[in-house]
Structure formats: C-alpha cells, structure tokens
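Chemist: So the protein sequences, as listed, match chains A and B. The first sequence runs -8 to 143 under the numbering used here. The second sequence runs 298 to 403 under the numbering used here.
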Amino acid sequence: MRAINEMKLTIKSRSTNEGFARTAVAAFVATLDPTVEEITDIKTAVSEAVTNCVVHGYRESIANIYITAAIYPDNRVVIRIKDKGCGIEDIDKAMEPLYTTCQSGERAGLGFAVMQSLCDKVRVASAPGRGTTVTLTKMISSRGGNDEQHAS
Amino acid sequence: MSVRIYLTEDTMTAYLMGDIDHHCAKGIREEIDETAQRAHPKEMILDFRDVAFMDSSGIGLVMGRYSLMQALGGELKVVNLSGPIKKVMRLAGLDRLCIIENGGTK
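Okay, structure coming up:
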C-alpha cells in the first residue's frame, strides 16, 4: 500500500528537541482528524522513542535523529525514529518493563512498555555500533471520513 | 520554571506545570529535592493539574520522589491527574505505590 502523505525531519539529539519532535509529528498526524486521545498517544510514544535516542543511542552527545512519518489510505500512521548511535546489545532485554541501564533511579525503564501500550505495533531494529530504528504503527479512527475502507 | 513549591508546617506541595519530559524533569527534580531535604515534610503532594503532557519521565519523577519520601519517613500523594496522565501512571503500576487522588486545593 502506498502512503498518501509523508514527512521527514532531521533533528539534533538535544533534549530540547524532544518537545519539538513530538509536536511536529502530532501536527502532521492531525491532518487525519484523530481524537485527542490518539494524538496524545502518538505524542507520548514519539517522546519515548526520541528520548531513547538522546539518552541511550547517543549517550547525551550531539548527533542526528532521523524521523519519518507516513499516512496510509487505511488510516494507518507509521512513524520511524532512527539514530546512528551505540545500538542495543539485547533488544528483548531492553524492551522488558522496568529494565533500565540508568543507575540514578530517575528513569523508570518503561519507555518501550509505554510505546507498546499506546501503539498498535512497535518494531525495533538495532545493531551494536550501528544504531537503532524504532517503527511505531498506530491506527487512527476515521472520524472525518478520510477513507471508506477503515480497518477495525 | 515548571514547578512552584508551597510549604506549610508538615506539607510540601509541588505544582507541576507544562510538559514533563526527559528535558525538563531534571530541573523539576532538583527543585523539589532541594526543598524537601531542607524542610523534611511529613507529606509531599505532587499536583498535576497544570501538566499538559507527560511521558515516562514523569513516572521516573514520581518513583524517585516516592523513594525520597520513604527515606525521609514521610508520605507521597499524587493529585489531579488528567485522563491521559493517569493512563501512563497506571501502566507503571504507580497507583499501587502511592496515593493518587483528585482532591487538593490551590
């Protein structure tokens, strides 16, 4: 299925950009007339993924984060958040709720758990030393009648 | 600043504001901890009424303050959560860890 709309965004891995990234993606998805809850889910999931790039992928050093989002005719939104940072050794372990490499006790280790509960699908591709790509898929309930064929 | 703190004799109330994400959690945390360690309140209230957005950094913020209040021998209360924020908190099981209620006056 071909996307009916797409966006691309490259940002530096500065923590100030976490807010910008989630707001930009939410504004793009807003063209689908989603519910407030759907927009909040997307903002939260994007915020988690971008924070992971800043904190883990690049370990607070400054490099590029690549974000794309695409809207498909069945009201599916696919968002990709990619870094070229350190990568993840053990993806299953990283995705375990409450697992965190952060020693300070200030990070809950729930980033992936939050993404999984707020999105329909979360895919993580990573290789140590090569970086990480997180792909979030979310179905948007069609309110404005963007398309008749709307997956249930 | 994204937090305003009010102290009464035994209670410290922190009104959180705006977006709580990784970027601003650090400043909020430092502000709260500095006051709590000085004042040793019996009760800490985190008031979320003016929080527009929160991701899992907010969960970390609550968990860290829960530990702090345990160490100080006090209690933590989290009040005035909007629907979406409650959703994220529930996911973390924080509703079992500390008192979440909708009361609280400004």
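Quick reminder that beta carbons are idealized off the backbone N, C-alpha and C, glycines included.
Given a threshold of 16 other Cβ atoms within 10 Å of its Cβ, counted over all protein chains shown, does Asp74/A qualify as buried or as exposed?
Modeler: For the purposes of this step, residue 74/A is taken as residue 83 along the first sequence, with counting starting at 1. Label assigned to Asp74/A: buried.
Chemist: Is Leu388/B helix, strand or coil when you go by DSSP?
Modeler: The count along the second sequence starts at 1 and reaches residue 388/B at position 91. In the structure shown, Leu388/B sits in a helix (DSSP, three-state: H, G or I).
Chemist: Taking three-plus beta-carbon pairs below 8 Å as touching, is the region 367 to 375 of chain B in contact with the region 101 to 112 of chain A?
Modeler: No, because fewer than three Cβ pairs between the region 367 to 375 of chain B and the region 101 to 112 of chain A fall closer than 8 Å, the two stretches do not touch.
Chemist: Hey, Gly361/B and Ile317/B: beta-carbon distance below 8 Å or not?
Modeler: Taking the second sequence and counting its residues from 1, the one referred to as residue 361/B is at position 64. Taking the second sequence and counting its residues from 1, the one referred to as residue 317/B is at position 20. Not in contact: Gly361/B and Ile317/B (Cβ atoms no closer than 8 Å).
Chemist: Going by the beta-carbon positions, is the gap between Met106/A and Thr59/A smaller than 8 Å?
Modeler: On the first sequence, residue 106/A is found 115 positions in, with the first residue counted as 1. On the first sequence, residue 59/A is found 68 positions in, with the first residue counted as 1. No, the Cβ-Cβ distance between Met106/A and Thr59/A is not below 8 Å.
Chemist: Give a yes or no on whether the minimum CB-CB distance between Val375/B and chain A is below 8 Å.
Modeler: As a working note, residue 375/B is residue 78 in the second sequence. Chain A contact via Cβ: absent.
Chemist: How close, in whole Å, do the beta carbons of Thr332/B and Met314/B come, if the pair is a contact with beta carbons under 8 Å?
Modeler: Translated into positions along the second sequence, residue 332/B becomes position 35. Translated into positions along the second sequence, residue 314/B becomes position 17. Wrong, their Cβ atoms sit about 16 Å apart, outside the cutoff.
Chemist: For the 8 Å Cβ check, are there 3 or more pairs between the region 13 to 29 of chain A and the region 74 to 84 of chain A?
Modeler: These segments do not touch.
Chemist: Of all the alpha helix (DSSP H) runs that stay within the bounds of the region 64 to 133 of chain A, which reach a length of 4 or more residues?
Modeler: The qualifying runs are 82 to 86, 102 to 109.
Chemist: On the three-state DSSP scale, how would you describe Gly315/B?
Modeler: The residue labelled residue 315/B in the question sits at position 18 within the second sequence. Three-state DSSP puts Gly315/B in a strand.
Chemist: Sort Pro119/A, Met130/A, Thr91/A by Cα distance to Val46/A and report the nearest one.
Modeler: Here residue 46/A refers to the residue found at position 55 of the first sequence. Considering only alpha carbons, the answer is Thr91/A.
Chemist: Could you please give me the residues that DSSP links to Ala61/A through a beta bridge?
Modeler: Here residue 61/A refers to the residue found at position 70 of the first sequence. Looking at the DSSP assignment, Ala61/A forms a beta bridge with Glu(-3)/A, Val69/A.
Chemist: Suppose you measure from the CA of Leu365/B to the CA of Ala(-6)/A; what does that come to, to the nearest Å?
Modeler: As a working mapping, residue 365/B is identified with position 68 in the second sequence. As a working mapping, residue -6/A is identified with position 3 in the first sequence. Between Leu365/B and Ala(-6)/A, the C-alpha separation is close to 49 Å.
Chemist: So for Tyr49/A, helix, strand or coil by DSSP?
Modeler: The count along the first sequence starts at 1 and reaches residue 49/A at position 58. Three-state result, Tyr49/A: coil.
Chemist: Going by the beta-carbon positions, is the gap between Ala12/A and Ile33/A smaller than 8 Å?
Modeler: Taking the first residue of the first sequence as 1, we reach residue 12/A at position 21. Taking the first residue of the first sequence as 1, we reach residue 33/A at position 42. No; because the gap between Cβ atoms is not below 8 Å, this pair is not in contact.
Chemist: So the beta strand (DSSP E) Leu373/B belongs to, where does it begin and stop?
Modeler: Mapped onto the second sequence, residue 373/B falls at position 76. Leu373/B -> beta strand (DSSP E) spans 372 to 376.
Chemist: Starting from Asp32/A, follow the alpha helix (DSSP H) in both directions and report where the run begins and ends.
Modeler: As a first step, residue 32/A must be located in the first sequence, where it is residue number 41. Residues 27 to 43.
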